[in-house]
Amino acid sequence: MTFTVEQAINWLTKSNEKIQKNKDYLSELDQAIGDGDHGINMARGFDEVVKKLDGNDYEQVADVLKDAAMTLMSKVGGASGPLFGTAFLKISMAVKGEEAVTFGTFVKALEDAVAGVKQRGKAEEGEKTMIDVWSPMVERMKAADDFDASVIRDNAKSSMEATKDIVATKGRAAYLKERSKGHLDPGSVSSYYIFEALAESLEEGA
Amino acid sequence: MTFTVEQAINWLTKSNEKIQKNKDYLSELDQAIGDGDHGINMARGFDEVVKKLDGNDYEQVADVLKDAAMTLMSKVGGASGPLFGTAFLKISMAVKGEEAVTFGTFVKALEDAVAGVKQRGKAEEGEKTMIDVWSPMVERMKAADDFDASVIRDNAKSSMEATKDIVATKGRAAYLKERSKGHLDPGSVSSYYIFEALAESLEEGA
Amino acid sequence: MKKIMNEPNQIVTEMLDGFVAAKPGKVKRIPDTTVVTRKDSPIQNKVGIVSGGGSGHEPAHAGYIGKGMLDAAVAGEVFTSPTPDQVLEAIKAVDGGAGVLLVIKNYTGDVMNFDMAAELAEAEGIDVAQVVVNDDVAIDDVDGRRGVAGTVFVHKIAGAKAEAGASLEEVKNAAEKVIANVRSMGVALSPCVMPASGKPSFELGDDEMEVGIGIHGEPGTERKTLGTADEIAVELTNHILEDLPEAEEIAVMVNGMGATPEMELNLVNRKVQEILQEKGVKTYKTFVGEYMTSLEMAGCSVTLLNLDDELKELLDSPSDAPALRV
Amino acid sequence: MKKIMNEPNQIVTEMLDGFVAAKPGKVKRIPDTTVVTRKDSPIQNKVGIVSGGGSGHEPAHAGYIGKGMLDAAVAGEVFTSPTPDQVLEAIKAVDGGAGVLLVIKNYTGDVMNFDMAAELAEAEGIDVAQVVVNDDVAIDDVDGRRGVAGTVFVHKIAGAKAEAGASLEEVKNAAEKVIANVRSMGVALSPCVMPASGKPSFELGDDEMEVGIGIHGEPGTERKTLGTADEIAVELTNHILEDLPEAEEIAVMVNGMGATPEMELNLVNRKVQEILQEKGVKTYKTFVGEYMTSLEMAGCSVTLLNLDDELKELLDSPSDAPALRV
Ligand SMILES: Nc1ncnc2c1ncn2[C@@H]1O[C@H](COP(=O)(O)OP(=O)(O)O)[C@@H](O)[C@H]1O
Ligand SMILES: Nc1ncnc2c1ncn2[C@@H]1O[C@H](COP(=O)(O)OP(=O)(O)O)[C@@H](O)[C@H]1O
Ligand SMILES: [Mg+2]
Ligand SMILES: [Mg+2]
Ligand SMILES: [Mg+2]
Ligand SMILES: [Mg+2]
Chain C
490 MTFTVEQAIN
500 WLTKSNEKIQ
510 KNKDYLSELD
520 QAIGDGDHGI
530 NMARGFDEVV
540 KKLDGNDYEQ
550 VADVLKDAAM
560 TLMSKVGGAS
570 GPLFGTAFLK
580 ISMAVKGEEA
590 VTFGTFVKAL
600 EDAVAGVKQR
610 GKAEEGEKTM
620 IDVWSPMVER
630 MKAADDFDAS
640 VIRDNAKSSM
650 EATKDIVATK
660 GRAAYLKERS
670 KGHLDPGSVS
680 SYYIFEALAE
690 SLEEGA
Chain U
490 MTFTVEQAIN
500 WLTKSNEKIQ
510 KNKDYLSELD
520 QAIGDGDHGI
530 NMARGFDEVV
540 KKLDGNDYEQ
550 VADVLKDAAM
560 TLMSKVGGAS
570 GPLFGTAFLK
580 ISMAVKGEEA
590 VTFGTFVKAL
600 EDAVAGVKQR
610 GKAEEGEKTM
620 IDVWSPMVER
630 MKAADDFDAS
640 VIRDNAKSSM
650 EATKDIVATK
660 GRAAYLKERS
670 KGHLDPGSVS
680 SYYIFEALAE
690 SLEEGA
Chain H
48 MKKIMNEPNQ
58 IVTEMLDGFV
68 AAKPGKVKRI
78 PDTTVVTRKD
88 SPIQNKVGIV
98 SGGGSGHEPA
108 HAGYIGKGML
118 DAAVAGEVFT
128 SPTPDQVLEA
138 IKAVDGGAGV
148 LLVIKNYTGD
158 VMNFDMAAEL
168 AEAEGIDVAQ
178 VVVNDDVAID
188 DVDGRRGVAG
198 TVFVHKIAGA
208 KAEAGASLEE
218 VKNAAEKVIA
228 NVRSMGVALS
238 PCVMPASGKP
248 SFELGDDEME
258 VGIGIHGEPG
268 TERKTLGTAD
278 EIAVELTNHI
288 LEDLPEAEEI
298 AVMVNGMGAT
308 PEMELNLVNR
318 KVQEILQEKG
328 VKTYKTFVGE
338 YMTSLEMAGC
348 SVTLLNLDDE
358 LKELLDSPSD
368 APALRV
Chain Z
48 MKKIMNEPNQ
58 IVTEMLDGFV
68 AAKPGKVKRI
78 PDTTVVTRKD
88 SPIQNKVGIV
98 SGGGSGHEPA
108 HAGYIGKGML
118 DAAVAGEVFT
128 SPTPDQVLEA
138 IKAVDGGAGV
148 LLVIKNYTGD
158 VMNFDMAAEL
168 AEAEGIDVAQ
178 VVVNDDVAID
188 DVDGRRGVAG
198 TVFVHKIAGA
208 KAEAGASLEE
218 VKNAAEKVIA
228 NVRSMGVALS
238 PCVMPASGKP
248 SFELGDDEME
258 VGIGIHGEPG
268 TERKTLGTAD
278 EIAVELTNHI
288 LEDLPEAEEI
298 AVMVNGMGAT
308 PEMELNLVNR
318 KVQEILQEKG
328 VKTYKTFVGE
338 YMTSLEMAGC
348 SVTLLNLDDE
358 LKELLDSPSD
368 APALRV
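Protein chains in written order, with our numbering: chain C, 490 to 695; chain U, 490 to 695; chain H, 48 to 373; chain Z, 48 to 373.
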């Protein structure tokens, strides 16, 4: 199985739908342990991504993802803009040249994305950030040998849920120290939506 | 019957008690159609008046009332400071020289007080101010030939209550125009307490 | 009531201490009074400018003390005009032989207390002139109009004129020119709370605003559904312009009532400028900020001042008052 | 939510329009950006100073644009760092050949976005230096400390140094000296409301305050019973002084969070000065007002800056920025 331009567009479109639908929920999560703008930020960014992609003819997955990355970087701001932007940019760079991306390349691309996010955010796993969804995902996919929608969905979900118990040491939630416990990390929840969208785009096929 | 130094002190002491007791009520009345400080203003002023009188030996009613007037003028501020100050100052001036003030002199003194307040406030009867209690009082007393506590009490009370139906044309309540109707005038209510205190001091005698 | 304060009945004196402590080189407080003056008062042969009123309007009035504006400010209790003896102290402290102008806002209490102070000062041989500011067009009856944010322009112009060495009469005339040419109107989104009573000045629904408010938490002249920034700007500006027909070149002040973020004031200013441009009125200078407040009331007022060459020059001349630096 | 606004998603651009409209002779907006610069930018051979961050902190950051302070300010969405492309526009607009200093507050988002902008600018051949302000002692972990009101002192000192003709490195060093010597801490009495969501950032009881708050409506580090002005001043000042042991001669800033009347700030200042005097710390200069806000949050912060001769001179040198005139 490969990952095509149509699937990439579908991925981003579905990501946008989920984020728009859960915009208020994401902001509420951020209200509890941050500054309450995460839903607004992601919704603004993905709305622009979909607008940007709309009507364009893409030959490569890399071009779709690059446009998404650049749009996120220039329209989101805050912490999530550079981080999600970096993630998609790294994926885009790693899949460059392949019209239909193989599983191996895709996993490698996700691995680059995680490395990029870690470097940008000066963060590691276990600090209650989006990395806690992205990093386990790479580990899990490295152990598989083809795309598997339900694996992706389940892994993202359980990782996202696990952020609840973590005491934050990066991002705004870190200011709250122990009080950050018991709340989901908003960036992990939006990451979960993005992986859920990926799973759906894989299920729907090319 | 005459009005003595002891009665004058008693008058101001009782006025203070009533004003302190009704401080919040007076402020609430002012809240509705003014700026909410009338009780605070009058309470501050009369508290100082009583402090000022305390322990002083007075030979004349005029001296008691002059001290009260000067204290009100320098401690109250706002509209009520100069107005009540002027009222007591005019009374003081008119009763000067009499150790025990006769009814005739007292009525003449109140008449001067009303004239003084009208001039200071550039106001007439019927504008929903304290004048609407003081002016009818003078008219009523001019028709009598001796002090009568119950006449004073009743007259002040009915005049005070009648301010409810007036549309204000002076003071802050005037800003509300028709909306000022249906509310008692705070300065008239404190004037009522002052006349009630006068009635009591007359009843208790020298 | 949620306020950062200590004892409510000490609030004015403590505030003045805090104010003076922040600017020890510029202002001083006359001991045992609520009067703050320029550190270098009295200034020989300069007309002294005294303003004041109840407290709760900060930065008015002490914030306007400085070279080119006020010589002294007299603070009353919260929302209560100061008493004549306090005003007299201010007059005496700033009189440098050229006389003193009192800038009074048109409230019964202020007019009476300042007038009594003027009488006392005259009795002591000091030349005193008075002007009464009544810029609030929310009140139809011109005689009854309140003095609100337009007072700041009177401080500025009178102060500049005095600094330039004008006589008491000339300073008074300049102040009167401002009063004749300045109009304001305001709205409130939330009431204010008197420190001593702890009660809100009125109740407002979540989607309501009071239009035509004063600066003492008095209810406004009308209650309406909360408008957008643009709608509020249109309502206030048009009401003012109706009353200021000859407007050609003007100064604009968008004033916050105490708890209004600057962001919101800028939104209002944006629309005010748009309206003026559409009507062919030229803006000469704009002031956006908190200039004349009502404790922690949320809301804003708009003030327009018609300018001629003299007023422009005086508006532009320097002021080092902390609340209006030019 | 009660705000004077139009469409929430237009609030930043409309605010900038309103801001620039008030000061047409002094600032300009770069078309199609959220960047405001000095009207006379770029200034040849002067180091350019760029600051910025999310909106909602007004008068930060555009209010600090002026001779002697910032050359440009970049506004993000409310409480959201601006994006690298916007920061890049600002850098390019103010570079006069001597390089550009970015003043960044220590938030993940701000640090990343400004850093990316710096990379892009360097790629275009512009010398860029960065400083990260982290003055909030409410956070124990020094690396994680937020940048709050102390940032205003960084603007002032770096701006003065640049105006004096210093090199990029010298300007950066002066800014770093401020950062090493400035500490802040704040309390909130009420939350703020994001225009786009309409929800309060947290709920507080009538007798509660949040201690150790940031400037984005984040909850504080501790919730306590609402204290008096004196208690609040003691708590904040002592906490800061513990972290600033070498304090001898200092600058003080008592900053309102957006909806705090100046009266209350003066009460806090009064006590802060008293504490400093008791401890033998000399106050060189005091600033009381709204300098770095959190929308319509009520509350205040205290900032202390240790001064040496260089910092004193730079603090005293002129600034014509509307929000900090010297
Ligand atoms: N240093 C970091 N590394 C990785 N992710 C981070 C970091 N800081 C914050 N995040 C992620 O960003 C999310 C917050 O994004 P958002 O609310 O949009 O930005 P901001 O915190 O600037 O308001 C967090 O929930 C977290 O997942
Ligand atoms: N022009 C006036 N003439 C007579 N009495 C007046 C006048 N203006 C106001 N008052 C009286 O003063 C009262 C208000 O006093 P107060 O609240 O203490 O002063 P302020 O209005 O300055 O806050 C009114 O209720 C009214 O009775
Ligand atoms: Mg956030
Ligand atoms: Mg009153
Ligand atoms: Mg009053
Ligand atoms: Mg944010």
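For each residue, glycine too, the CB sits at the ideal point set by N, CA and C.
For the pair U/M562 and Z/A107, the Cα-to-Cα distance works out to about 45 Å. Scanning U/T493, U/V538, U/N499 and U/I522 for the CA closest to the CA of U/A657 turns up U/I522. For H/F66, the chain Z residues whose Cβ falls inside 7 Å of its Cβ are N313, in order along the chain. Between U/I529 and H/A122, the C-beta gap is not smaller than 9 Å, which leaves the two residues out of contact. The C-alpha of H/H104 is placed about 36 Å away from the C-alpha of U/K646. Per DSSP, the unbroken beta strand (DSSP E) holding H/L236 starts and ends at V229 to S237. The three-state reading of DSSP puts U/S624 in helix, counting H, G and I together. In this structure, the beta-carbon distance from Z/E296 to Z/V328 falls below 9 Å.
Distance check between Z/N313 and each of Z/T330, Z/L63 and Z/D277 places Z/D277 closest, using alpha-carbon atoms only. Counting only runs of 4 or more residues that sit fully inside the region 621 to 693 of chain U, the alpha helix (DSSP H) segments are 638 to 651 and 675 to 693, in chain order. Within 10 angstroms of the beta-carbon of H/T272 lie fewer than 16 other beta-carbons, which makes it exposed.
The CB of H/P106 comes closer than 9 Å to the CB of E309 and G336 in chain Z, given here in chain order. Sequence-distant partners of H/T330 (beyond 5 residues in either direction) whose C-beta falls short of 7 Å from its own C-beta, in its chain, are I297, V299, Q320 and L323. Identification of chain U residues near H/M48 by a Cβ-Cβ cut-off of 9 Å yields none; the smallest Cβ-Cβ distance measures about 12 Å. In the three-state reduction of the DSSP assignment, Z/P89 falls in the coil class.
Around the beta carbon of H/S88, 16 or more other beta carbons lie within 10 angstroms, which makes this residue buried.
For H/M304, no CB of chain U lies under 9 Å from its own CB, so it is not counted at the interface with that chain. Residue-level contact check: H/Q133 touches chain U, since one or more beta carbons of chain U fall below 9 Å from its beta carbon.
Judged by DSSP in its simplified three-state form, Z/G206 adopts helix. C/S504: member of the alpha helix (DSSP H) spanning V494 to K510, first to last residue. Between the alpha carbons of Z/G95 and Z/D132 lies a gap of roughly 17 Å. Within the region 153 to 174 of chain Z, Y154, T155, G156, D157, V158, M159, N160, D162 and M163 place their CB atoms closer than 9 Å to a CB of chain C, listed in sequence order. Under the criterion of beta carbons closer than 8 Å, H/V141 and H/T84 qualify as touching, at roughly 6 Å. Near ligand 3, meaning a beta-carbon closer than 5 Å to one of its heavy atoms, we find C/D519, C/G523, C/D524, C/D526 and C/H527. Nearest Cα to C/D526 within the set Z/K203, Z/E124 and Z/G113: Z/E124. The straight-line gap separating the alpha-carbon atoms of Z/E216 and Z/A176 is approximately 8 Å. Beta bridge pairing from DSSP links Z/Q177 with Z/L149. At a cut-off of 9 Å between beta-carbon atoms, H/K318 makes contact with chain Z. Contact between the region 586 to 596 of chain C and the region 557 to 577 of chain C is absent, with fewer than three C-beta pairs closer than 8 Å.
Distances between the C-beta of C/V656 and the heavy atoms of ligand 1 are all 8 Å or more.
If you compare the alpha carbons of U/L518, U/Y547, U/Q549 and U/G570 with that of U/E537, the shortest gap goes to U/G570. Inter-residue distance for C/N644 and C/G567 is about 27 Å (C-alpha atoms, whole angstroms). A residue is called buried once 16 or more other Cβ atoms fall within 10 Å of its Cβ, and C/S581 is buried on that count. H/G197 has its alpha-carbon roughly 48 Å from the corresponding atom of Z/V189.
Inclusion of U/E616 in the 8 Å shell around ligand 2 follows from its C-beta lying nearer than that to a non-hydrogen atom of the ligand. Think of a sphere of 9 Å around the beta carbon of Z/L236: the chain H residues whose beta carbon falls inside it are K49, K50 and I51, in chain order.
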